[in-house]
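For reference, each letter of the sequence shown is one residue, going 23 to 386 in the numbering used here.
Virtual Cβ for every residue (Gly too), placed ideally from N, Cα, C.
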Amino acid sequence: MIAYIARRLMLIPLTLLGIMAVNFIFAQLAPGGPVEQMLAKAQQQTVSATARISGSGGAEVAATQSQGAASGAYRGARGLDPKFIEEVRQQFGFDRPAHERFLKMIGDYLRFDFGKSFFRDQPVMALVLEKMPVSISLGLWSTLIIYLVSIPLGITKAVRDGSRFDLASSWIIIIGNAVPGFLFAILLVVLFCGGTYWSVFPLRGLTSPGWETFSWPHRIADYFWHIALPTLAVVIGGFAGLTMLTKNSFLEEIHKQYVVTARAKGLTERRVLYGHIFRNAMLLVIAGFPSLLVSILFTGQLLIEIIFSLDGLGQLGFEAVMNRDYPVMFATLYVFSLLGLVLSLISDLTYHFVDPRIDFESRG
Numbered sequence: 023m024i025a026y027i028a029r030r031l032m033l034i035p036l037t038l039l040g041i042m043a044v045n046f047i048f049a050q051l052a053p054g055g056p057v058e059q060m061l062a063k064a065q066q067q068t069v070s071a072t073a074r075i076s077g078s079g080g081a082e083v084a085a086t087q088s089q090g091a092a093s094g095a096y097r098g099a100r101g102l103d104p105k106f107i108e109e110v111r112q113q114f115g116f117d118r119p120a121h122e123r124f125l126k127m128i129g130d131y132l133r134f135d136f137g138k139s140f141f142r143d144q145p146v147m148a149l150v151l152e153k154m155p156v157s158i159s160l161g162l163w164s165t166l167i168i169y170l171v172s173i174p175l176g177i178t179k180a181v182r183d184g185s186r187f188d189l190a191s192s193w194i195i196i197i198g199n200a201v202p203g204f205l206f207a208i209l210l211v212v213l214f215c216g217g218t219y220w221s222v223f224p225l226r227g228l229t230s231p232g233w234e235t236f237s238w239p240h241r242i243a244d245y246f247w248h249i250a251l252p253t254l255a256v257v258i259g260g261f262a263g264l265t266m267l268t269k270n271s272f273l274e275e276i277h278k279q280y281v282v283t284a285r286a287k288g289l290t291e292r293r294v295l296y297g298h299i300f301r302n303a304m305l306l307v308i309a310g311f312p313s314l315l316v317s318i319l320f321t322g323q324l325l326i327e328i329i330f331s332l333d334g335l336g337q338l339g340f341e342a343v344m345n346r347d348y349p350v351m352f353a354t355l356y357v358f359s360l361l362g363l364v365l366s367l368i369s370d371l372t373y374h375f376v377d378p379r380i381d382f383e384s385r386g
């Protein structure tokens with residue numbers, strides 16, 4: 023197992039390098055980079071100023087500026103001083119070739135130096151640490167609720183396999199799994215956030231204005247009041263996989279010989295279920311916790327955070343993509359990828375520790 027861990031650890035840097043390289047290439051090919059966006063904003067300010075001047079007989083000035091620097095390398099740079107354009111390129115580091123910028127970025131990221139945001143003028147690491155508690159909070163609560171509901175439901179479905187309850191709950195789980203989380207979030211907003219029907223829950227943020235002045239019981243109640251609907255939207259599609267895994271694990275154990283022997287000894291069904299079957303059937307369910315947390319944290323929260331205006335990593339990444347804020351884009355990608363790879367390794371190790379018969383080193 024030590025050799026397997028060593029191989030996985032050595033693969034993490036190579037995988038990170040591949041992920042960053044592919045995304046860096048696509049970012050260079052995408053139109054509308056940070057330089058173009060900055061020049062477009064500057065051009066809008068110039069147009070607004072010349073429009074005010076032209077209102078008092080300055081149309082000639084606007085025409086002259088629109089013709090100046092017409093041969094600029096960037097669209098939207100017409101009317102801007104070429105020196106200003108070069109200063110903007112140097113500010114964002116685009117005065118150097120792409121491969122030099124990529125190598126410098128990788129060298130900085132190895133030291134966890136993510137630089138400063140292009141448009142927020144803050145260190146990227148400070149931004150990530152500021153937004154991370156929101157995403158982690160939503161991910162942990164969602165994972166906890168999924169486990170608290172799915173495990174008892176899966177056990178009940180296994181015990182009552184083929185019954186009306188099993189069939190009805192299966193249909194409900196399938197429908198819940200088929201509905202995307204963001205559509206369910208929109209439905210919750212319309213129903214309970216003052217969209218059309220009731221205004222029961224708040225629409226924005228995790229806390230109310232002036233939360234710091236509240237008493238501790240009031241703070242806790244306010245926090246859960248805000249996080250209730252986002253958490254529900256995240257977990258609605260997460261029950262299916264874990265519930266069916268729990269059910270199938272228990273069904274597999276129920277028909278084994280040691281269960282028949284325990285029943286033959288006169289043990290009650292409850293004792294057989296929770297004293298013998300539970301420990302063996304729950305091994306894979308418990309070992310799957312890291313992978314479930316990865317899927318919730320990194321794939322299921324982006325649109326939920328945007329819909330409910332939660333200032334977390336998902337919304338930070340979305341705004342960075344829209345603004346072409348490359349330091350924030352690549353820093354969040356780097357952090358997400360690194361955490362995902364580490365948690366994936368932890369998930370494999372957990373499988374081995376809870377059941378030593380699972381040996382990844384001997385596969386193939």
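* Three-state secondary structure assigned by DSSP to residue 185 -> To locate residue 185, count along the sequence shown from 1; it is residue 163. Residue 185 falls in the coil class under three-state DSSP.
* Where does residue 138 sit, in a helix, a strand or coil, going by DSSP? -> The residue labelled residue 138 in the question sits at position 116 within the sequence shown. In this structure, residue 138 counts as strand in the three-state DSSP scheme.
* To do: Report the residue ranges of all alpha helix (DSSP H) runs contained in full by the stretch 199 to 247; include only those spanning at least 4 residues, in chain order.
  => List check, alpha helix (DSSP H) in window: 203 to 214.
* In this structure, does DSSP put residue 35 in helix, strand or coil? -> In the sequence shown, counting from the first residue as 1, residue 35 sits at position 13. Collapsing the DSSP output to three states places residue 35 in a helix.
* Is residue 174 helix, strand or coil by DSSP? -> Position 152 of the sequence shown, counting from 1, holds the residue named residue 174. Helix at residue 174.
* Are the beta-carbon atoms belonging to residue 329 and residue 255 less than 9 Å from one another? -> To locate residue 329, count along the sequence shown from 1; it is residue 307. To locate residue 255, count along the sequence shown from 1; it is residue 233. Residue 329 places its beta carbon less than 9 Å from that of residue 255.
* Thinking just about the alpha-carbon of each residue, which of 372, 215, 231 and 350 is nearest to the one in residue 147? -> Along the sequence shown, one-based indexing puts residue 147 at 125. Among 372, 215, 231 and 350, the Cα nearest to that of residue 147 is on 350.
* Cβ atoms of residue 259 and residue 201: under 9 Å apart, would you say? -> Counting from 1 along the sequence shown, the entry for residue 201 is found at position 179. Counting from 1 along the sequence shown, the entry for residue 259 is found at position 237. Contact: yes.
* Asked: When you compare only the Cα positions, how much space is there between residue 38 and residue 30?
  -> Locating residue 38 in the sequence shown gives position 16, counting from the first residue. Locating residue 30 in the sequence shown gives position 8, counting from the first residue. For residue 38 and residue 30, the distance between alpha carbons rounds to 12 Å.
* With 16 other Cβ atoms within 10 Å as the buried cut-off, status of residue 168 -> Locating residue 168 in the sequence shown gives position 146, counting from the first residue. Classification of residue 168: buried, given that the 10 Å Cβ count is 16 or more.
* To do: Ignore the nearest five residues each way along the sequence and tell me which others in residue 284's own chain have a CB closer than 6 Å to its CB.
  => On the sequence shown, residue 284 is found 262 positions in, with the first residue counted as 1. For residue 284, where only same-chain residues beyond five positions count, the Cβ hits under 6 Å are 294 and 298.
* residue 48 and residue 345: beta carbons closer than 9 Å? -> Looking up residue 48 in the sequence shown gives position 26. Looking up residue 345 in the sequence shown gives position 323. In this structure, the beta-carbon distance from residue 48 to residue 345 does not fall below 9 Å.
* What residue range is occupied by the uninterrupted alpha helix (DSSP H) comprising residue 130? -> As a working mapping, residue 130 is identified with position 108 in the sequence shown. 120 to 132 is the span of the alpha helix (DSSP H), which, as asked, contains residue 130.
* Asked: Taking just the CA atoms, how far does residue 121 sit from residue 43?
  -> For the purposes of this step, residue 43 is taken as residue 21 along the sequence shown, with counting starting at 1. For the purposes of this step, residue 121 is taken as residue 99 along the sequence shown, with counting starting at 1. So the two alpha carbons sit approximately 10 Å from each other.
* Asked: Do you know how far the Cα of residue 222 is from the Cα of residue 301?
  -> Taking the first residue of the sequence shown as position 1, residue 301 is located at position 279. Taking the first residue of the sequence shown as position 1, residue 222 is located at position 200. Straight-line Cα distance between these residues: approximately 42 Å.
* Among 338, 246 and 369, the one whose alpha carbon lies nearest that of residue 164 -> Here the question's residue 164 lines up with position 142 in the sequence shown. If we check each option's Cα against that of residue 164, 246 comes out closest.
* Asked: Taking three-plus beta-carbon pairs below 8 Å as touching, is the stretch 271 to 282 in contact with the stretch 324 to 339?
  -> Touching, no, given that fewer than three Cβ pairs across the two stretches are closer than 8 Å.
* State yes or no: is the C-beta of residue 331 within less than 9 Å of the C-beta of residue 209? => Locating residue 331 in the sequence shown gives position 309, where the first residue counts as 1. Locating residue 209 in the sequence shown gives position 187, where the first residue counts as 1. It is not a contact, given that the beta carbons lie outside the stated cut-off.
* According to the Cβ coordinates, are residue 195 and residue 303 closer than 9 Å? -> What you label residue 195 is simply residue 173 of the sequence shown in a count that begins at 1. What you label residue 303 is simply residue 281 of the sequence shown in a count that begins at 1. Not a contact, by the Cβ cut-off of 9 Å.
* Asked: So, do the stretch 225 to 240 and the stretch 173 to 189 have three or more beta carbon pairs nearer to each other than 8 Å?
  -> Touching, no.
* Asked: Is residue 172 buried or exposed, if buried means 16 or more other CB atoms sit within 10 Å of its CB?
  -> Counting from 1 along the sequence shown, the entry for residue 172 is found at position 150. Residue 172 is classed as buried because its beta carbon has at least 16 other beta carbons within 10 Å across all chains shown.
* To do: Could you tell me whether the Cβ atoms of residue 40 and residue 153 are closer together than 9 Å?
  => Working through the sequence shown from its first residue, we reach residue 40 at position 18. Working through the sequence shown from its first residue, we reach residue 153 at position 131. In this structure, residue 153 does not lie closer than 9 Å to residue 40 by Cβ.
* **In DSSP terms, what residue 145 is bridged to** => Sequence index remark: in the sequence shown, residue 145 carries index 123 (1-based). According to DSSP, residue 145 bridges with 138.
* **Alpha-carbon to alpha-carbon, residue 372 and residue 354** => Translated into the one-based positions of the sequence shown, residue 354 becomes position 332. Translated into the one-based positions of the sequence shown, residue 372 becomes position 350. If I take the Cα positions, the gap works out to 26 Å.
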